[in-house]
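There are 2 protein chains.
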Amino acid sequence: MVFTIGEMAKKLGVAASTLRYYDKEGLFPFMERSEGGIRVFKESNYEFLKIINCLKATGMQIKDIKNFIELVLQGDESIDARLEIFQKRKLEVEKQISELQEALETVKFKCWYYETAKRAGSTAICDNLRDDELPEDMRRIRAKLRREDTF
Amino acid sequence: MVFTIGEMAKKLGVAASTLRYYDKEGLFPFMERSEGGIRVFKESNYEFLKIINCLKATGMQIKDIKNFIELVLQGDESIDARLEIFQKRKLEVEKQISELQEALETVKFKCWYYETAKRAGSTAICDNLRDDELPEDMRRIRAKLRREDTF
DNA sequence: ATACTACTTAAAGTGAACTTTAAGTCAATA
DNA sequence: TATTGACTTAAAGTTCACTTTAAGTAGTAT
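Protein sequences appear in the order of chains Y and S.
Per the numbering used here, the first sequence starts with residue 15, numbered consecutively.
Per the numbering used here, the second sequence starts with residue 15, numbered consecutively.
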């Protein structure tokens, strides 16, 4: 079973031009062509492409993915280097997730804030609520947002 | 207590040129200047800047942040619109987090894979492991990566 | 054989978010 | 008063990851 660039793009949920761009950047060392010059993707390329997608999802840059692929081509001698890349990715993604979770807390507070303001018809009322008038889970977040003791 | 752009930038952990850029883009409707034309940031601006930072952290674009700020300036009549913005942000961030968690699983699998390859001195050995030779938490992830029944 | 769609390339264009540059001004210190 | 460092602007430059364009070729269906 083989696929054209358009079929593979559809499977991966990306544009065909994106796959051409990746190929040009050297991300597809396995790339084969038909006699007429058309790219031929094989089933076995799919897992590889999903790994590239995964690395991209972690925020890795194209040039760094290329670097990783060059290590793959070097074979077993680059196992250590490849392990380090994934260990670094792991730390990176964990950091990204915790940063997003922090932002999410603020966003949830703002949702509560504007829901309350909507019911009251004004934001001034929420601004003047005492700590004990807030839902328990909102107190800490508001305190964090208001903290100005860094000044 | 007032601050120059450099001091405020340091507090927020961004470049001063970034704050000038944000100002130029209309993100600082509160901006005041000294007689000599130098930007004067006040303590009360800090919480606002942190909200902008939060919105940026959720992946919101500058022009959409500007749009939000214009709603803030409209006062209480825009409460509904602002609530909708944060509700949408909430969904967005939750989606981003779950995508990162999915990528993290793959990265963790690759860490295990290369740790095992490192010990064995070759990747071929890991490739040929039977399902029951894998740590329990790795089985599902490998199955997901290998799945080709989409073809 | 013809039409049609999807493929090919190199090169230029896009958009987002800054960053840098150049020329100059402000404000504090020696 | 002179120097220094941080501020000011407009405009140009940078980086990243694509996307689009234009001109042409491949492969398939009628």
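Beta carbons are placed, not taken as given, at the ideal position from N, Cα and C, and that holds for glycine.
Original post:
Which term fits F44/Y, buried or exposed, when burial requires 16 or more other beta carbons within 10 angstroms of its beta carbon?
Top reply: As a position in the first sequence, residue 44/Y is number 30, starting the count at 1. Here F44/Y is exposed, its C-beta having fewer than 16 other C-beta atoms within 10 Å.
Original post:
Does the beta carbon of Q110/S sit closer than 8 angstroms to a beta carbon anywhere in chain Y?
Top reply: The residue given as residue 110/S occupies position 96 in the second sequence. Answer yes: the Cβ-Cβ gap between Q110/S and chain Y drops below 8 angstroms somewhere.
**OP:** Using 10 angstroms around the beta-carbon of R144/Y, count the other beta-carbons present and answer buried if the total reaches 16, otherwise exposed.
**Re:** What you label residue 144/Y is simply residue 130 of the first sequence in a count that begins at 1. With fewer than 16 other CB atoms across the displayed protein chains lying within 10 angstroms of its CB, R144/Y is exposed.
Original post:
For the putative contact between I93/S and T137/Y, defined by C-beta atoms under 8 angstroms, what is the C-beta separation to the nearest angstrom?
Top reply: Sequence index remark: in the second sequence, residue 93/S carries index 79 (1-based). Sequence index remark: in the first sequence, residue 137/Y carries index 123 (1-based). About 7 angstroms; that satisfies the 8 angstroms criterion.
**OP:** Less than 8 angstroms between the CB atoms is what I'm expecting for V54/Y and V107/Y, so what's the real figure, rounded?
**Re:** If you number the first sequence from 1, residue 54/Y lands on position 40. If you number the first sequence from 1, residue 107/Y lands on position 93. V54/Y to V107/Y, Cβ: 33 angstroms. No contact.
Original post:
Using DSSP with H/G/I as helix, E/B as strand and the rest coil, what is F82/S?
Top reply: Sequence index remark: in the second sequence, residue 82/S carries index 68 (1-based). Three-state DSSP puts F82/S in a helix.
**OP:** Taking only the alpha-carbon atoms, compute the straight-line gap between T72/S and E119/S and give it to the nearest angstrom.
**Re:** Sequence index remark: in the second sequence, residue 72/S carries index 58 (1-based). Sequence index remark: in the second sequence, residue 119/S carries index 105 (1-based). It is roughly 22 angstroms from the alpha-carbon of T72/S to the alpha-carbon of E119/S.
Original post:
Beta carbon of E39/S, beta carbon of K80/S: below 8 angstroms?
Top reply: Taking the second sequence and counting its residues from 1, one reaches residue 39/S at position 25. Taking the second sequence and counting its residues from 1, one reaches residue 80/S at position 66. Taking 8 angstroms as the Cβ cut-off, E39/S and K80/S qualify as a contacting pair.
Subject >> Cβ neighbour criterion (16 or more within 10 Å) applied to R96/Y >> reply: Taking the first sequence and counting its residues from 1, the one referred to as residue 96/Y is at position 82. The residue is buried, with at least 16 neighbouring Cβ atoms inside 10 Å.
Original post:
In chain order, what residues of the segment 49-81 of chain Y put their CB closer than 7 angstroms to some CB of chain S?
Top reply: Answer set for the segment 49-81 of chain Y: E57, Y60, E61, K64, C68, A71 and T72.
Original post:
Does DSSP put F55/Y in a helix, in a strand, or in coil?
Top reply: What you label residue 55/Y is simply residue 41 of the first sequence in a count that begins at 1. Secondary structure of F55/Y (DSSP, three-state): strand.
Subject >> Residue span of the alpha helix (DSSP H) that contains S31/S, given as start and end >> reply: One-based indexing of the second sequence puts residue 31/S at position 17. From DSSP, the alpha helix (DSSP H) with S31/S extends over A30 to K38.
Subject >> For R154/Y, the first and last residue of its enclosing alpha helix (DSSP H) >> reply: Stepping through the first sequence from its first residue, residue 154/Y is reached at position 140. From DSSP, the alpha helix (DSSP H) with R154/Y extends over E150 to R160.
Subject >> Supposed contact pair Y35/S and F42/S - C-beta distance, whole angstroms, cut 8 angstroms >> reply: Residue numbering aside, residue 42/S sits at position 28 when the second sequence is read from its first letter. Residue numbering aside, residue 35/S sits at position 21 when the second sequence is read from its first letter. Contact between F42/S and Y35/S is ruled out by a C-beta separation of about 11 angstroms, above the 8 angstroms threshold.
Subject >> Helix, strand or coil at R96/Y according to DSSP, with G and I counted as helix >> reply: Residue numbering aside, residue 96/Y sits at position 82 when the first sequence is read from its first letter. If DSSP states are grouped into helix, strand and coil, R96/Y belongs with the helices.
Subject >> Span separating the alpha-carbon of K64/Y from that of K56/Y >> reply: Stepping through the first sequence from its first residue, residue 64/Y is reached at position 50. Stepping through the first sequence from its first residue, residue 56/Y is reached at position 42. As the crow flies, the alpha-carbon of K64/Y is around 13 angstroms from that of K56/Y.
Original post:
Given 8 angstroms as the limit, is there contact between the segment 125-132 of chain Y and the segment 145-153 of chain S, that is, 3 or more CB pairs closer than that?
Top reply: The answer is no - the segment 145-153 of chain S does not touch the segment 125-132 of chain Y, with fewer than three Cβ pairs under 8 angstroms.
Original post:
Which residue or residues does DSSP assign as beta-bridge partners of F17/S?
Top reply: Numbered from 1 along the second sequence, position 3 holds the residue referred to as residue 17/S. F55/S.
**OP:** Consider the Cβ of R96/S: report whether some Cβ of chain Y lies at a distance smaller than 8 angstroms.
**Re:** The residue you call residue 96/S lines up with position 82 of the second sequence. Interface residue, yes.
**OP:** Taking all protein chains shown into account, decide if I99/S is buried (16 or more other Cβ within 10 angstroms of its Cβ) or exposed.
**Re:** What you label residue 99/S is simply residue 85 of the second sequence in a count that begins at 1. I99/S should be labelled buried.
Original post:
Do the CB positions of C125/S and K104/Y come within less than 8 angstroms of each other?
Top reply: Taking the first residue of the second sequence as 1, we reach residue 125/S at position 111. Taking the first residue of the first sequence as 1, we reach residue 104/Y at position 90. A Cβ-Cβ contact shorter than 8 angstroms links C125/S with K104/Y.
**OP:** Just tell me which of L69/Y, K158/Y, T18/Y and E113/Y has its CA closest to the CA of G50/Y.
**Re:** Start at 1 with the first residue of the first sequence, and residue 50/Y comes out as number 36. Comparing Cα-Cα distances from G50/Y to each of L69/Y, K158/Y, T18/Y and E113/Y, the minimum goes to T18/Y.
Original post:
From the beta carbon of V16/Y, is the nearest beta carbon of chain S less than 8 angstroms away?
Top reply: Taking the first sequence and counting its residues from 1, one reaches residue 16/Y at position 2. Not one beta carbon of chain S lies nearer than 8 angstroms to the beta carbon of V16/Y.
Subject >> Integer-rounded CB distance, given that N67/S should sit under 8 angstroms from L114/S >> reply: As a working note, residue 114/S is residue 100 in the second sequence. As a working note, residue 67/S is residue 53 in the second sequence. Rounded to whole angstroms, the Cβ separation of L114/S and N67/S is 19 angstroms, and the two are not in contact under 8 angstroms.
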